[in-house]
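For the sequence shown, my numbering assigns the number 401 to the last residue and increments by one with no breaks.
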Amino acid sequence: MKVLVVNAGSSSLKYQLFDTDNKSVLAKGNCERIGIEGSRIIHKMDGREDYVKETPLSDHSEAMKLVVSALLDKNVGCLESVDEIEAIGHRVVHGGPHFAKSMLANDEVMEILEKCTAYAPLHTPAHIMGIKGCKSVMPDKPQVLVFDTAFHQTMEKEVYMYGISYDMYEKYGVRRYGAHGTSHRYVSAEAIKLLGVPAEGTKIITCHIGNGSSITAVKDGKCFDTSMGFTPLDGIMMGTRCGAIDPAIVPFIMEKENMNAKEIDSYMNKKCGFAGISGVGSDSRDLEKAIDEGNERAKLAYDMLCYQIKKFIGSYSAAMGGVDAIVFTAGIGEHSTYIREHSLAGLEYLGVKLDKERNTFKHSSEPVVLSADDSKVKVYMIPTNEELVIAEDTEKIVKSL
């Protein structure tokens, strides 16, 4: 089945066209600066030069028209007819308390999705625009919504609840939801395959470390606990996000800096983390260069992250009663030798033994075993593939109609 996977942002629309029969990507690209001057499409296919076209894109419907046009183009496309696209799968960041699995988009589902806007106000309106844009261009194609939060819906109530008054949960749904669930779901399943055992009885910790980062405890193939909370601001420090802090810091800074609610929210999401600690920026490559040049604040940012990853691995091991495998994935997790090595240092008591030579690889599109042969706990680098999960969920739901 040919499935078009769409990840819509407020001013962007990323896409990948999958052939699920062989799990291949036929084409992919991004429509940038939608509704902004200088909008364009960057369309990619293996073995061909990138196709770049600058053209006004007033909304996501115009963007989807351009995507379809590129896919059908005789010189840069891979389809003869739009009829070859059998379904569309959408990445949706937050399903709130309403969605515990992927869903076929219909009027009822879209009405409920509107209610999820409060949980991800920067993302959900953009997803809705992307869904409507696809419907306007390909009205007869089934569309499936795959939620980042769905994988985390298996957490027990004592795990996802916060120690605030219960009425805040009842009235507003304030609880832990997590994020990056599609990634955690994919790499934990791949780890189970590598372990060569049934999911039942396994205890895996997945570390999705990138500009946004989260760590998840996966027990019996299901989410047991996760570091991100009510929003993706919680958990470990990230590129520009502060992660978990003493809540009293918020009103303290607001008073001292004369900030309002929007300003403190922007500060914690955009001016903290790597960028705020290092003063260098949020990109891990820039930090590693600065560390090599002797920048102590850049090294402090990295060491803080490593320590926090280590703490979560230790706490999740305790909560699950052990750990069979630790997985690193996403932009930093897949590429940073330093982060992996220093996050695992000191965990020998758990049975973790890293093979430092195996950990020195620069890039791999396939899973890499990082642990020593005699390590009781397996350590893997597994490249994430959220888009494939979305394509496969879409195929499964559409074929069941």
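In this text, a Cβ means the ideal position worked out from N, Cα and C, and glycines have one as well.
Quick check: the Cα distance between residue i and residue j, rounded to an integer number of angstroms?
i: Arg241; j: Ala100; result: 26 Å
i: Ser213; j: His184; result: 11 Å
i: Ser58; j: Met1; result: 31 Å
i: Leu402; j: Pro139; result: Residue 402 cannot be examined here, being either before or after the span of the chain that is shown, 1 to 401.
i: Ile236; j: Lys311; result: 10 Å
i: Lys171; j: Glu158; result: 18 Å
i: Lys115; j: Val92; result: 13 Å
i: Leu344; j: Leu122; result: 34 Å
i: Gly321; j: Asp286; result: 38 Å
i: Asp292; j: Ser136; result: 51 Å
i: Gly96; j: Thr149; result: 7 Å
i: Ile397; j: Val144; result: 8 Å
i: Val174; j: Met268; result: 19 Å
i: Ser266; j: Asn295; result: 26 Å
i: Asp234; j: Ser81; result: 45 Å
i: Tyr302; j: Ala319; result: 26 Å
i: Asp21; j: Tyr162; result: 43 Å
i: Leu388; j: Pro251; result: 42 Å
i: Gly35; j: Asn7; result: 17 Å
i: Val76; j: Asp50; result: 8 Å
i: Pro56; j: Lys141; result: 25 Å
i: Val109; j: His98; result: 10 Å
i: Asp73; j: Asp46; result: 15 Å
i: Ile277; j: Met238; result: 11 Å
i: Gly29; j: Ala391; result: 16 Å
i: Ser336; j: Ala290; result: 14 Å
i: Gly314; j: Ile204; result: 12 Å
i: Ile27; j: Leu71; result: Correcting the residue type first, residue 27 is Ala in the shown sequence and not Ile. For Ala27 and Leu71, the distance between alpha carbons rounds to 8 Å.
i: Glu395; j: Val352; result: 38 Å
i: Glu334; j: Lys362; result: 9 Å
i: Glu54; j: Pro198; result: 50 Å
i: Leu300; j: Val67; result: 43 Å
i: Tyr338; j: Ala105; result: 43 Å
i: Tyr169; j: Val187; result: 31 Å
i: Ala189; j: Asn258; result: 47 Å
i: Leu32; j: Arg40; result: The question names Leu, but residue 32 in the sequence shown is Glu. Approximately 5 Å between the Cα atoms of the pair.
i: Tyr119; j: Thr231; result: 7 Å
i: Gly196; j: Asn385; result: 20 Å
i: Asp393; j: Lys256; result: 49 Å
Just to confirm the assignment, what range does the beta strand (DSSP E) spanning residue i have?
i: Val174; result: Where Val174 is concerned, there is no enclosing beta strand (DSSP E), given that its DSSP letter is neither H nor E.
i: Asp225; result: Lys222 to Thr226
Per DSSP, which one or two residues make a beta bridge with residue i?
i: Thr206; result: Thr216 and Val327
i: Gln16; result: Val5 and Lys28
i: His90; result: Val6 and Leu145
i: Met381; result: Phe328 and Val368
i: Leu104; result: Val144
i: Val352; result: Val377
Assuming residue i is part of the alpha helix (DSSP H), what are its boundary residues?
i: Gly201; result: Where Gly201 is concerned, there is no enclosing alpha helix (DSSP H), given that its DSSP letter is neither H nor E.
i: Gly181; result: Gly181 to Leu195
i: Phe275; result: Note on residue identity: the sequence assigns Ala, not Phe, to residue 275. That run of the alpha helix (DSSP H) goes Gly273 to Ser278.
i: Pro464; result: No answer is possible for residue 464: the residues shown for the chain start at 1 and end at 401.
i: Gln153; result: Where Gln153 is concerned, there is no enclosing alpha helix (DSSP H), given that its DSSP letter is neither H nor E.
i: Met268; result: Ala261 to Lys270
i: Lys135; result: Thr124 to Val137
i: Tyr418; result: The displayed coordinates of the chain run from 1 to 401. Any statement about residue 418 would go beyond what the structure contains.
i: Gly314; result: Glu296 to Met320
i: Glu357; result: That residue, Glu357, is in no alpha helix (DSSP H); it is neither H nor E in DSSP.
i: Leu401; result: Here Leu401 belongs to no alpha helix (DSSP H), and DSSP marks it neither H nor E.
i: Ser284; result: Ser284 to Asp292
i: Glu158; result: Lys157 to Tyr160
Check whether the Cβ of residue i sits closer than 7 Å to any heavy atom of the ligand FMN, and report yes or no.
i: Tyr302; result: No copy of the ligand FMN appears in this structure; indeed no ligand is present at all.
Requested in this report: Take every Cβ of the stretch 378-388, pair it with every Cβ of the stretch 123-139, and state whether three or more of those distances are shorter than 8 Å.
Outcome: Note that the stretch 378-388 does not touch the stretch 123-139; fewer than 3 beta-carbon pairs, one per stretch, sit closer than 8 Å.
Query raised in the report: At what residue ranges does the stretch 25-82 contain a whole run of the alpha helix (DSSP H), taking only runs of 4 or more?
Result: Entirely contained in the stretch 25-82, the alpha helix (DSSP H) runs reaching 4 residues are, in chain order, 60-72.
**Report entry** Contact the stretch 205-224 vs the stretch 146-162: 3+ CB pairs below 8 Å
**Finding:** Yes, the stretch 205-224 is in contact with the stretch 146-162.
Query raised in the report: Touch check for the stretch 326-346 and the stretch 193-212: three-plus C-beta pairs under 8 Å?
Result: The stretch 326-346 is in contact with the stretch 193-212.
Requested in this report: Could you tell me whether the stretch 9-24 touches the stretch 60-69, using the rule of 3 or more Cβ pairs below 8 Å?
Outcome: Between the stretch 9-24 and the stretch 60-69, the count of Cβ pairs shorter than 8 Å is three or higher; the stretches touch.
Requested in this report: Could you say if the stretch 245-252 and the stretch 361-377 meet the contact criterion of at least three C-beta pairs nearer than 8 Å?
Outcome: Taking a cut-off of 8 Å on C-beta distances, the stretch 245-252 does not touch the stretch 361-377, as fewer than three cross pairs fall below it.
Query raised in the report: Can we say the stretch 295-315 touches the stretch 334-350, given the rule of at least three CB pairs closer than 8 Å?
Result: Cβ pair count under 8 Å is three or more, so yes.
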